[in-house]
Structure formats: structure tokens, C-alpha cells
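Undergrad: Heads up: the sequence shown begins at 14 in this note's numbering, then just goes up one per residue. Just so you know, even glycine gets a beta-carbon here, dropped at the ideal spot from N, CA and C. Everything numeric in this text was worked out from a predicted model, so none of it was measured. One structure, pasted below without further comment.
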Amino acid sequence: SCVGQTPGCALCSVSMLWGWFLLIRVHPLERPPPTPQGFGIHDLTVDASLKPILRSSYLRGLNLASFFALSKIMVFVTFITSEVLGNVITASQVFVVVTLFEALRLTGTLHFPMAVEKVSEAVVSIQRVKNFLLLEETSQHNPQLPSDGEAIVRMHDFTAFWDKASETPTLQGLSFTIRPGELLAVVGPVGAGKSSLLSAVLGELPPSQGQVTVRGRIAYVPQQPWLFPGTVRSNILFGKKYEKDRYEKVLKACALEEDLQPLEDGDLTVVRDRGTPLSAGQKARISLARAVYQDADIYLLDDPLSAVDAGVSKHLFEQCIRQALHEKITILVTHQLQYLKDASQILILKDGKIMKKGTFAELPKPGVDFEDIPLKEKEAEPPPVPDSPTPRSQASESSVESQENPRPLLEDAAPQDQDAENIRVTLSLESRSEGKVGFKTYKNYFISGDNWFIIIFLILVNIAAQVSYVLQDWWLSSW
């Protein structure tokens with residue numbers, strides 16, 4: 014989750030910016046083309062985007078081959094030239110020349126080409142970072158409430174483009190108003206513009222027509238949970254002061270109590286890079302808990318219920334969205350149509366346009382088919398990831414909702430002072446599996462090449478190269 018204008022989280026901002034730099038280091042700024050599903054190695058075609066990579070691979074292969082052959086070729090050319098010029102070649106000269114060329118081989122054929130490659134990559138990366146930093150600034154959202162103290166989200170005839178060169182707008186003609194205490198549910202098929210709508214409210218998608226008015230502090234929960242290396246507690250607090258009662262209420266509302274109990278350090282368990290060792294559902298709920306703890310005015314929830322099972326999903330909706338956030342402005346993107354009856358307003362999007370808008374009682378009319386939406390979602394999206402790797406992930410709905418005497422998380426597991434959490438933070442050693450790769454794995458890898466003649470030829474060439482490489486030294490010693 015991300016909270017606008019949150020004090021005390023400068024370190025997190027730097028961490029997020031560095032993460033963007035690493036992303037730019039690997040990927041260009043252009044939006045990647047759609048990825049085909051279920052292809053094998055032999056199905057890939059060499060298009061324009063792969064040709065530079067192919068040329069680079071050829072050069073890298075030739076350079077690696079020269080590492081083994083170039084010194085021998087240089088010795089051969091040197092002595093042939095010396096012999097043609099009529100010079101007498103002695104054994105001492107031979108061994109000095111061979112030693113010299115062997116010393117130059119590592120630098121000339123490995124280190125220097127690698128330096129050229131890294132410098133060129135650095136230049137490209139710096140250019141990408143420069144292009145990113147020079148992008149047009151988006152309008153800054155002012156989190157301060159107006160004089161009347163009422164938060165509001167209002168869109169009027171909003172149209173926007175992610176790609177300005179595109180003729181088809183990402184969002185077109187959106188209009189709605191949400192006030193405190195209201196829940197707006199946004200549904201629609203994949204690619205309908207649901208996440209783009211949240212980006213527009215955040216100010217990340219500037220309007221080309223119309224306007225959007227946002228008053229109040231925003232808390233945003235993305236589809237892909239973002240966790241930084243640190244404890245579970247620090248990920249939830251996100252720079253805020255630790256308040257025990259409020260913190261425990263957030264854990265309960267986000268169904269995190271049972272997940273933290275089996276952990277030896279409770280909420281002081283260290284989360285490593287990419288959220289290891291937490292499951293997808295646990296990461297999603299920690300991301301949601303972070304947003305809830307911020308006590309913002311406006312909550313943008315991008316499908317947080319899809320990463321958990323049915324029982325936890327109902328708990329999150331009832332305890333978190335309907336109770337903990339009942340006084341807030343909440344925009345919920347969801348595929349769980351069973352919760353629409355509790356929404357104050359419902360938006361059905363398709364191709365960036367509002368197909369229908371209203372309450373649950375108003376929408377079931379001719380031309381509105383709720384059953385058509387989940388079918389499209391199931392065809393286009395993978396099933397939810399299991400919520401937890403532990404056996405308790407199979408717990409029933411009742412086990413999530415009713416635990417009369419849960420074991421205290423904080424009294425026994427951690428000191429009450431937030432600064433004392435560093436006392437028990439210890440990084441556990443990463444586990445490593447050992448063994449050997451089976452023959453079947455190598456077989457499948459080579460079969461993917463789809464040409465047995467080339468494979469056999471390459472194997473024979475490698476054997477011949479190794480034999481000739483050894484014979485050269487043997488012949489020199491015999492001579």
C-alpha cells in the first residue's frame with residue numbers, strides 16, 4: 014500500500030525510488046507487448062526486438078571462443094613470422110612468448126570486452142533514468158481537507174490516455190461522486206480500466222478532458238503487494254507511531270492474528286526481499302493492514318480479495334471494509350460479485366466506459382447481466398494463489414471469524430516500545446536445497462532446441478576443440 018504525504022517515511026520513499034531505478038535498469042520505459050501464453054523455446058520467433066539480443070549473444074559467443082583459441086593462434090603466427098624472416102627460435106624464446114601471451118589472454122579476451130559491455134549497459138541505463146526523471150510532473154495531490162472538513166472524490170466527464178499517441182482513450186466520459194461513508198464497487202472484465210480509474214484518482218493518470226476532484230488523504234492498496242525488507246510490524250506501521258490498541262484492531266480486521274501466532278517472533282518476524290517467507294495472501298493482507306493503520310480519508314483498494322480464500326475474503330469484507338472503513342470513502346475494485354449488494358454505488362466498466370451505474374437494486378434490469386462478468390474474469394485470469402503454506406490455510410470460514418481466546422501477539426512476543434523491536438530482529442539463515450540435476454532435465458532442455466543434427470554437431474565440435482586444445486600443449490612439451 015502507499016499513503017500520500019505520510020510523515021516520517023523518507024527512507025521508504027528512497028527505497029521505492031531505488032526500486033524504480035532497478036526496474037528501469039532492466040526494462041525500457043515503453044509498455045511491453047502482450048506475452049503469449051504457454052509457448053515453448055522453439056515457439057519464439059526472432060522479431061525486431063530480439064535481433065539486438067541475438068547479435069549480442071553472437072558476439073559474446075565469439076569472444077568466449079577466442080578466450081581459448083586466440084593465444085594459440087597468436088603463438089602460431091608469431092613463430093611462423095619469425096621463421097619466415099630467418100630468425101632462429103630457441104626453447105627459451107618459445108616458453109617466454111607462450112607465457113606472455115597466456116598472461117595477456119585473460120585481460121584481452123575476457124576482462125576488456127566485459128568492461129566495454131558493462132560501460133555500454135551503464136550508458137543505456139543512465140539514459141533511461143534520465144528519461145524517467147525528465148518525465149512531465151503530475152499534479153500534486155493536496156491531502157488537506159477543505160474548511161468544511163468533508164472528504165470527497167468527484168469525477169466529471171473524465172477522459173484520459175495512458176499513451177498519448179493512441180486514438181482509443183483508456184478512460185472515457187467517467188462521472189461519479191463519492192462522499193464519506195460510501196463504498197463504490199468497480200467491476201468489469203479484464204482491461205476494462207478498473208486499475209486505471211484508481212490511478213486517475215491518485216493523480217497518476219492526468220485528464221485530457223474533464224476533471225477529477227479529490228479532497229483528503231489517500232491510502233492505496235495495489236494488486237501486487239509491496240513489502241520492504243524489515244519486520245511485519247514495520248511494514249504495517251510504515252513510519253507511523255505504534256499504538257497498541259489500534260494496531261491490534263487492524264490485525265484483527267485484516268485477519269492477521271492467526272497467521273502471526275505460529276511465528277516464533279510474532280509480528281517481529283523479518284520479511285526479506287519480495288516478501289519471503291510469506292504467502293501471497295499474507296502479503297496482500299499486510300498491504301491492506303498498512304493502509305488501514307494510516308487512518309486516511311480515502312481508500313483505493315485494487316482487488317485485495319482475490320489473493321485470499323473464500324473465508325478470509327468474507328472476513329476482510331465484513332470486518333475491514335464494512336466496519337473498520339465504514340466512515341471512509343472506499344473505492345473497491347473487485348471480481349467478487351457476492352459483495353456488490355453491500356456497496357453504496359456500483360460501476361460496471363467496459364473498454365474504459367461506464368456501462369451501468371447505480372445501486373445493486375437498480376442495476377438488475379434488462380441489459381445488465383452480472384453473470385457475464387465473472388465468466389470473462391475466469392477465462393482471462395489465473396485462479397487465486399493459496400492463502401497460506403501452513404496446514405491452517407484450509408481452515409473453514411468459522412475458524413477465521415470466531416476465535417474466542419486468541420493467544421496474545423504482543424504481550425509475550427515483543428516489547429511495547431516500538432524502538433525495542435530491533436532487540437529481537439534476527440535474520441534466519443536461508444535454506445538451500447542440494448542434489449543433482451536429473452538426466453530428464455537435460456534431455457528436455459536439448460529437445461527444446463528442436464534440431465538433433467545441430468545438437469550432435471555442437472557436441473562433436475566441443476569435444477574436438479577440447480582435444481585439440483590439450484594436444485597443443487602436449488605437442489609443445491614433446492617438441
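From the DSSP output, in three-state form, read off S188 for me.
TA: If you number the sequence shown from 1, residue 188 lands on position 175. Strand at S188.
Undergrad: Would you say I342 and I311 are within 8 Å of each other, going by their C-beta atoms?
TA: As a first step, residue 342 is located in the sequence shown; it is residue number 329 there, counting from the start. As a first step, residue 311 is located in the sequence shown; it is residue number 298 there, counting from the start. Taking 8 Å as the Cβ cut-off, I342 and I311 qualify as a contacting pair.
Undergrad: For D171, which beta-bridge partners are listed by DSSP?
TA: Working through the sequence shown from its first residue, we reach residue 171 at position 158. Per the sequence shown, the amino acid found at residue 171 is Phe instead of Asp. F171 is bridged to L187.
Undergrad: Less than 8 Å between the C-beta atoms of V199 and L362, yes or no?
TA: Here residue 199 refers to the residue found at position 186 of the sequence shown. Here residue 362 refers to the residue found at position 349 of the sequence shown. Yes; because the gap between Cβ atoms is below 8 Å, this pair is in contact.
Undergrad: Determine the extent of the beta strand (DSSP E) in which V346 is found, giving its start and end residues.
TA: Position 333 of the sequence shown, counting from 1, holds the residue named residue 346. Per DSSP, V346 belongs to the beta strand (DSSP E) from 342-346.
Undergrad: According to DSSP, simplified to helix, strand and coil, what is D258?
TA: Taking the first residue of the sequence shown as position 1, residue 258 is located at position 245. It is helical.
Undergrad: Does the pairing of the region 162-180 with the region 109-123 give three or more beta-carbon distances under 8 Å?
TA: Result no; under three Cβ-Cβ pairs closer than 8 Å.
Undergrad: Excluding sequence positions up to five away, which residues of its chain have a Cβ less than 8 Å from the Cβ of E163?
TA: Start at 1 with the first residue of the sequence shown, and residue 163 comes out as number 150. Cβ neighbours of E163 beyond the five flanking positions: R192, P193, R228.
Undergrad: Can you find the residues in the same chain that come closer than 6 Å, C-beta to C-beta, to I476, ignoring five residues on each side of it along the sequence?
TA: Counting from 1 along the sequence shown, the entry for residue 476 is found at position 463. None.
Undergrad: Is the Cβ-Cβ distance between T10 and F189 less than 8 Å?
TA: For the chain, the structure presents residues 14 to 492; residue 10 sits outside this window and is missing.
Undergrad: Taking all protein chains shown into account, decide if G99 is buried (16 or more other Cβ within 10 angstroms of its Cβ) or exposed.
TA: To locate residue 99, count along the sequence shown from 1; it is residue 86. G99 should be labelled exposed.
Undergrad: From this set, V97, V88, K64, K257, which residue's C-alpha is nearest V109's C-alpha?
TA: For the purposes of this step, residue 109 is taken as the residue at position 96 of the sequence shown. Taking only the C-alpha atoms, the option nearest V109 is V88.
Undergrad: Just how far apart, CA to CA, sit T151 and P220?
TA: Your numbering for residue 151 matches position 138 in the sequence shown. Your numbering for residue 220 matches position 207 in the sequence shown. Approximately 10 Å between the Cα atoms of the pair.
Undergrad: From what residue to what residue does the beta strand (DSSP E) around G223 run?
TA: If you number the sequence shown from 1, residue 223 lands on position 210. Here the beta strand (DSSP E) through G223 covers 222-228.
Undergrad: Considering only their Cβ atoms, is the gap separating G365 from A205 smaller than 8 Å?
TA: On the sequence shown, position 192 is the one that residue 205 refers to. On the sequence shown, position 352 is the one that residue 365 refers to. Contact flag set, yes.
Undergrad: How about L197 and L360: do their beta carbons lie closer than 8 Å?
TA: Indexing the sequence shown from 1 puts residue 197 at position 184. Indexing the sequence shown from 1 puts residue 360 at position 347. Their beta carbons are under 8 Å apart, which means L197 touches L360 by this criterion.
Undergrad: For T181, which three-state DSSP category applies?
TA: Translated into the one-based positions of the sequence shown, residue 181 becomes position 168. In this structure, T181 counts as coil in the three-state DSSP scheme.
Undergrad: What does DSSP give as the partner residue(s) for K363 in the beta ladder?
TA: Stepping through the sequence shown from its first residue, residue 363 is reached at position 350. In the DSSP output, where bridge partners are listed per residue, K363 has K366.
Undergrad: Along the alpha helix (DSSP H) that carries A374, what are the first and last residues, could you check?
TA: Counted from its first residue, the sequence shown places residue 374 at position 361. Here A374 belongs to no alpha helix (DSSP H), and DSSP marks it neither H nor E.
Undergrad: So what does DSSP say about Q4, is it helix, strand or coil?
TA: Absent from the structure is residue 4, since the part of the chain shown begins at 14 and ends at 492.
Undergrad: Among L345, Q349, R298, M368, whose alpha-carbon lies nearest the alpha-carbon of S357?
TA: Here the question's residue 357 lines up with position 344 in the sequence shown. Closest option to S357, Cα to Cα, is L345.
Undergrad: Which class does V107 belong to by DSSP, given the choice of helix, strand or coil?
TA: The residue given as residue 107 occupies position 94 in the sequence shown. It is helical.
Undergrad: Along the chain, where does the beta strand (DSSP E) that runs through D315 open and close?
TA: Locating residue 315 in the sequence shown gives position 302, counting from the first residue. Run containing D315: 311-315, per the beta strand (DSSP E) assignment.
Undergrad: Going by alpha carbons, who is nearest to V321 out of A337, D272, L281?
TA: The count along the sequence shown starts at 1 and reaches residue 321 at position 308. Of A337, D272, L281, the residue nearest in Cα terms is D272.
Undergrad: Tell me whether the beta-carbon of R303 lies closer than 8 Å to the beta-carbon of F251.
TA: Here residue 303 refers to the residue found at position 290 when the sequence shown is read from its first residue. Here residue 251 refers to the residue found at position 238 when the sequence shown is read from its first residue. Yes, the pair counts as a contact, with Cβ atoms nearer than the cut-off.
Undergrad: By the DSSP assignment, the beta strand (DSSP E) with L196 in it spans what residues?
TA: Taking the first residue of the sequence shown as position 1, residue 196 is located at position 183. From DSSP, the beta strand (DSSP E) with L196 extends over 196-200.
Undergrad: Return the CA-CA distance between L295 and G243, expressed in angstroms with no decimal places.
TA: Sequence index remark: in the sequence shown, residue 295 carries index 282 (1-based). Sequence index remark: in the sequence shown, residue 243 carries index 230 (1-based). Before going further, note that residue 295 is Gln rather than Leu in the sequence given. Distance between the alpha carbons of Q295 and G243: 15 Å.
Undergrad: Between the alpha carbons of V305 and H348, how many angstroms are there, rounded?
TA: Along the sequence shown, one-based indexing puts residue 305 at 292. Along the sequence shown, one-based indexing puts residue 348 at 335. For V305 and H348, the distance between alpha carbons rounds to 21 Å.
Undergrad: Can you tell me where the beta strand (DSSP E) holding Y233 begins and where it ends?
TA: Residue 233 sits at position 220 when you count from the first residue of the sequence shown. Counting along the chain, the beta strand (DSSP E) containing Y233 begins and ends at 231-234.
Undergrad: Return yes when the Cβ of L329 is within less than 8 Å of the Cβ of R232, no when it is not.
TA: If you number the sequence shown from 1, residue 232 lands on position 219. If you number the sequence shown from 1, residue 329 lands on position 316. Looking at the sequence itself, residue 232 is Ala, so the reference to Arg does not match. No; because the gap between Cβ atoms is not below 8 Å, this pair is not in contact.
Undergrad: From the DSSP output, in three-state form, read off G243 for me.
TA: Along the sequence shown, one-based indexing puts residue 243 at 230. Three-state DSSP puts G243 in a strand.
Undergrad: Quick one: grab the DSSP three-state call for I165.
TA: Here residue 165 refers to the residue found at position 152 when the sequence shown is read from its first residue. Strand.
Undergrad: Of the residues A104, Y71, K253, L210, which one's Cα is nearest the Cα of S490?
TA: In the sequence shown, the residue the question calls residue 490 occupies position 477. Closest option to S490, Cα to Cα, is A104.
Undergrad: My output table needs one value for V284: the three-state DSSP class, helix, strand or coil.
TA: As a first step, residue 284 must be located in the sequence shown, where it is residue number 271. In this structure, V284 counts as strand in the three-state DSSP scheme.
Undergrad: In three-state DSSP terms, what is A320?
TA: Counted from its first residue, the sequence shown places residue 320 at position 307. Looking at A320 - three-state DSSP - the assignment turns out to be coil, as it is neither helix nor strand.
Undergrad: Report all residues from its chain with a CB closer than 8 Å to the CB of F81; omit the five preceding and five following residues, and keep chain order.
TA: The count along the sequence shown starts at 1 and reaches residue 81 at position 68. The residues are A478, Y482.
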